[in-house]
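> Starting off with a structure, shown below.
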Amino acid sequence: MHAGSDLSDPKSFANGLRSLIAVPSDIGDMEALLFSTQRLAEAAPFLERIVIAATLSPRYVRALRGRIRSSIALIDAPYSGTLRSAEMGRIGFFVGGEEEVINDLRPVFDTLGSRTIRMGGFGTATAAKVLNDLLAASSTALTRIALDWAEAQGIDEERIFNLTEAALGPGLLIPGLGSAQSDRTDPGSGDAVAALVESFEVALDQACSEAHLNRPHTMISPVRGQRMRALH
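Okay, so the sequence shown: first residue is 0 according to numbering that gives the first Met the number 0, each after it adds one.
This is the structure we're talking about:
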């Protein structure tokens with residue numbers, strides 16, 4: 000496992016590199032790391048496995064298998080949780096890939112997170128994470144709508160949460176819990192609404208493309224129409 004993170008000298012970084020855990024912020028970062036700038040997919044002759052610990056497009060992730068030499072094992076391991084939970088080793092991983100390789104990496108996942116859920120072959124974990132984000136985004140959108148309705152009826156926000164906790168259990172309707180948007184945004188910010196829309200659209204693209212269907216745009220409208228609000 001390569002411990003260094005300085006990619007200013009890709010040749011030195013690639014020397015002896017056997018396992019690469021990539022945490023790109025987007026597809027552009029992943030492309031630069033593997034194919035264009037650092038070119039680690041080609042420049043690391045001893046590379047044995049690549050772990051993609053990020054939520055990218057499922058179609059893009061699956062397509063990587065055809066672009067990287069077959070001798071390199073690919074594992075997709077998007078995680079769920081906040082940055083704070085990551086620092087505390089409490090994030091959860093969705094993992095896809097060869098079982099033997101995942102077992103070898105188990106100490107790494109156990110160190111970084113508190114839970115690892117194997118989803119199947121390479122690419123299944125990313126698809127599962129995107130669908131998980133869809134559910135989280137749906138819950139967040141409906142929770143915000145319910146809070147708006149409660150406000151219009153003169154019902155205190157805290158009492159609504161107390162009611163749902165009594166009926167459904169603690170934490171089930173906390174917006175963003177375990178979702179992508181909670182990692183990088185505040186629930187009261189404009190970015191949070193944009194993240195909800197992004198999670199929804201990516202998930203719908205994936206689900207509908209697999210089923211050869213057109214996206215139901217009416218499902219996105221309630222999410223895109225969310226107003227900013229700070230939850231107490």
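Yeah, the Cβ is synthetic: ideal placement off N, Cα and C, and Gly gets one too.
Note that this is a predicted model, so its numbers are computed, not measured.
Report yes if the C-beta distance between leucine 73 and isoleucine 49 is below 9 Å; otherwise report no.
yes
> Among Leu111, Pro106, Gly91 and Thr81, which has the Cα closest to the Cα of alanine 127?
Gly91
> Hey, is the segment 34-42 in contact with the segment 76-87, meaning 3+ C-beta pairs nearer than 8 Å?
no
> Confirm, please, whether the CB-CB distance from glycine 122 to valine 60 is below 9 Å.
yes
> Of all the options Gly27, Ser24 and Leu46, which has the alpha carbon lying nearest to the alpha carbon of lysine 10?
Lysine 10 has its Cα closest to that of Leu46, out of Gly27, Ser24 and Leu46.
> Take threonine 115 and list the residues in its own chain whose beta-carbon comes closer than 6 Å to its own, dropping the five residues that flank it on each side.
Phe92, Val94 and Phe108
> Starting from alanine 135, follow the alpha helix (DSSP H) in both directions and report where the run begins and ends.
123-151
> Leucine 55 and aspartate 25 - do their beta-carbons sit closer together than 9 Å?
yes
> Do glycine 96 and glycine 65 have their C-beta atoms closer together than 9 Å?
Glycine 65 sits away from glycine 96, with the two beta carbons spaced by 9 Å or more.
> Taking alanine 52 as the reference, which of Ala124, Ala145 and Ala151 has the closest Cα?
Ala124
> Beta-carbon separation of threonine 110 and glycine 88 under 9 Å?
Yes, these two residues count as a Cβ contact at 9 Å.
> Going by DSSP in three states, threonine 54 sits in which element: helix, strand or coil?
coil
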